[in-house]
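These notes are about the structure you will find just below.
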Amino acid sequence: MKVKYHSASKSGVRLAAVALHLLLVGAAVWAWSGPAAPQNVPKRWHPRRTPAGTEFVGDQTCAQCHKQTAAAHAGTSMANAMEPVANSKVLIDNPVMTFRSGPYTYEIRRQGDKSTYKVTDGSETVTLPVLYAFGQGKAGQTYVLEYEGAYYESLVSYYNEVKGLDFTIGAPRTVPESLQKAIGRKLSESDVNNCFGCHSTGGVVAGKLKLETMTPGIRCEACHGPGGAHAAAAQKKEPSGELIYNPRVLSGDQLAQDFCASCHRGNEEFGLLRSLELNNVRFQPYRMFHSKCYSDDRRISCTACHDPHEPIQKDMAFYDSKCAACHAPKKTAAGLKLKTAAAAAPQATAPPCKVATKDCVSCHMPKLGPPAAHFKFTDHFIRVVKPDEAYPN
Ligand code: HEC
Ligand code: HEC
Ligand code: HEC
Ligand code: HEC
Ligand code: HEC
Ligand code: HEC
Ligand code: HEC
-12 MKVKYHSASK SGVRLAAVAL HLLLVGAAVW AWSGPAAPQN VPKRWHPRRT PAGTEFVGDQ
48 TCAQCHKQTA AAHAGTSMAN AMEPVANSKV LIDNPVMTFR SGPYTYEIRR QGDKSTYKVT
108 DGSETVTLPV LYAFGQGKAG QTYVLEYEGA YYESLVSYYN EVKGLDFTIG APRTVPESLQ
168 KAIGRKLSES DVNNCFGCHS TGGVVAGKLK LETMTPGIRC EACHGPGGAH AAAAQKKEPS
228 GELIYNPRVL SGDQLAQDFC ASCHRGNEEF GLLRSLELNN VRFQPYRMFH SKCYSDDRRI
288 SCTACHDPHE PIQKDMAFYD SKCAACHAPK KTAAGLKLKT AAAAAPQATA PPCKVATKDC
348 VSCHMPKLGP PAAHFKFTDH FIRVVKPDEA YPN
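Structure follows, in structure tokens:
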């Protein structure tokens, strides 16, 4: 695929070219900047590969100067992708939750700023403290527990749609064979690293769980890499822009299928994700890859429609201009072509709609989901949806 760089600064193009070159020759994606710059500034930051020795300064430092960005970001689901039990809104608002499966009864109960997870078969009972609440509960929230020295994913999760508990997605729905199995899924070391890697910042360093350096949720440095050198230079009013990683240097395809996909999952995992059928609607980079709209173009990359620093836009009309960037009615497209420097960018060459002029996503990005998810995701496979079509996979 041809790589184009829009909106990237000159130095950005250089950085991206270096990063791409490293990818192509199969060398480590982690590289240090040249002799002029201080150590510790990654040329290519990969959200889920925090190398040994990385030190994060935390959002409070960023907020000293990037006040508005930090304030907006704090309210996003990503920033709250993991909640400490003490301030989990779901656990506070639902002080007692219960569920039954065969002979087993579940209860999640609030006591002060802690919550316990209790499973009983009537004769034996296990009561465990809830260690972490995963997800801020837009669709649901799952609990991580510790039992006999191992981490477990709770068998039951909270779902916003039912305002209560049901089986965790992917958990077996058959009656558990034992009380231990009824707790939930025992997590292997790599499961644990994956969970904490995708839902926290600094929780997994050099492939090892490091709870002492973890900040729950996807905070600034999860995406921008360590910001200490940048903050220190900016404080001294020295040039600081080159001392922090800005994903803006990435091409549209690198951003969607590599950067955001490191957690949201992309086409590289084609075989695995395809086998999940309707469940793969959760993996936006993967779904979008299969759309005719998709290319390396920045206008169809994740940040064209989502500002990662802002809560998601719910208003359908917001997205119309994003579609129109390519699907403009002919007259407008021609006008744009003449008037603006967008001449350097690829033209709005895609055809307009014959059916409607607004609310594009309501028809072309349908909301779908397996019943067990208790949530309808937005299918990022943009297409003409045929009545009664099988889920295109
Ligand atoms: C003391 C003030 C200060 C602090 C603290 C600070 N920044 Fe900045 N930041 C700036 C200034 C000023 C710029 C513009 C630099 C430039 O254009 O040369 C900037 C630019 C940036 C950029 C864009 C860089 C580029 O040129 O592409 C990013 C990304 C960024 N900051 C992220 C962060 C993060 C993340 C943190 C916390 C780890 C942080 N900043 C802390 C002042 C600060
Ligand atoms: C380190 C992992 C990670 C990376 C990198 C990441 N995300 Fe996320 N993102 C998450 C998690 C986890 C959630 C779910 C948060 C929740 O609901 O608890 C999420 C949720 C979202 C949401 C839904 C917000 C809502 O309110 O429903 C959007 C939109 C989003 N991410 C966009 C992006 C974009 C764009 C990028 C790339 C610039 C990106 N993400 C990179 C982990 C990540
Ligand atoms: C590959 C990265 C990745 C891994 C590994 C991962 N998650 Fe997530 N998780 C995400 C992303 C991205 C989202 C947002 C999109 C979605 O809802 O599927 C999410 C969403 C969630 C949600 C729904 C959040 C909400 O607000 O509705 C829960 C609950 C959750 N994850 C729990 C877990 C648990 C527990 C584990 C480990 C057993 C885990 N996740 C492992 C990336 C990941
Ligand atoms: C989920 C990933 C993600 C998180 C978390 C995140 N950013 Fe960013 N940030 C990005 C991306 C992607 C860009 C480049 C946007 C683009 O593609 O045009 C960016 C760009 C920026 C810029 C430069 C703006 C510009 O116009 O180039 C600043 C400053 C910045 N981020 C600050 C922050 C601060 C401060 C935080 C924490 C409060 C933060 N970011 C959290 C992904 C993230
Ligand atoms: C052309 C616009 C567009 C692009 C590009 C786009 N999205 Fe979305 N996305 C949407 C719309 C529309 C929604 C639904 C918003 C709503 O109604 O809450 C959405 C919702 C989401 C959600 C919330 C969960 C869901 O399924 O409703 C996540 C997470 C997300 N997008 C991630 C991404 C990622 C990652 C990328 C890059 C691969 C991306 N999006 C690219 C339009 C877009
Ligand atoms: C980067 C430019 C770009 C953006 C942004 C974009 N598209 Fe497209 N879209 C295309 C191209 C190119 C095609 C293929 C046209 C062709 O085959 O002639 C296409 C095809 C389509 C098709 C026909 C698909 C099919 O299966 O036949 C629909 C429907 C569509 N787009 C809707 C949308 C909607 C709705 C949005 C906004 C949510 C959008 N597009 C955003 C470039 C884009
Ligand atoms: C009420 C539902 C609906 C809305 C809203 C809608 N469309 Fe469509 N769109 C359709 C249908 C149905 C078709 C297939 C028409 C056909 O094949 O005769 C279509 C076709 C298309 C095509 C393929 C055109 C071609 O000639 O191949 C594109 C591109 C497209 N729509 C883009 C958009 C954009 C952009 C918007 C927002 C301005 C939008 N649509 C709003 C229902 C809708």
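Numbering (our numbering), first residue to last: -12 to 380. Beta carbons are placed, not taken as given, at the ideal position from N, Cα and C, and that holds for glycine.
Not one heavy atom of ligand 3 sits closer than 7 Å to the Cβ of valine 72.
Listed in chain order, the beta strand (DSSP E) elements of length 3 or more contained wholly in the segment 72 to 145 are 83 to 88, 91 to 98, 101 to 107, 112 to 121, 127 to 134 and 137 to 141. For leucine 260, DSSP assigns no beta-bridge partner whatsoever. Of all alpha-carbon atoms in Asn67, Val191, Arg269 and Pro226, the one lying nearest the alpha-carbon of glutamine 123 is that of Asn67. In the assembly as shown, alanine 137 is an exposed residue. Its beta-carbon has fewer than 16 other beta-carbons within 10 Å.
By the Cβ rule, the segment 361 to 379 counts as touching the segment 278 to 289, because three or more pairs are nearer than 8 Å. Within the segment 153 to 185, complete beta strand (DSSP E) segments of at least 3 residues are found at 171 to 173, given in chain order.
Bridge partners of glycine 151 according to DSSP: Tyr146.
The closest CA to that of threonine 112, considering only Leu166, Lys363 and Leu196, is found on Leu166.
CA-to-CA, the gap between glutamine 51 and proline 82 works out to about 36 Å. In the three-state scheme derived from DSSP, where H, G and I count as helix and E and B as strand, proline 358 is classed as helix. Proximity of the beta carbon of valine 143 to ligand 3 is not indicated: no heavy atom of the ligand is located closer than 7 Å. In this structure, lysine 354 has its CB at a distance of at least 7 Å from all heavy atoms of ligand 2. Judged by DSSP secondary structure, proline 272 falls within the alpha helix (DSSP H) whose first and last residues are 271 to 276. Under DSSP, serine 187 shares a beta bridge with Pro203.
Threonine 103 sits close to threonine 114, with the two beta carbons spaced by under 8 Å.
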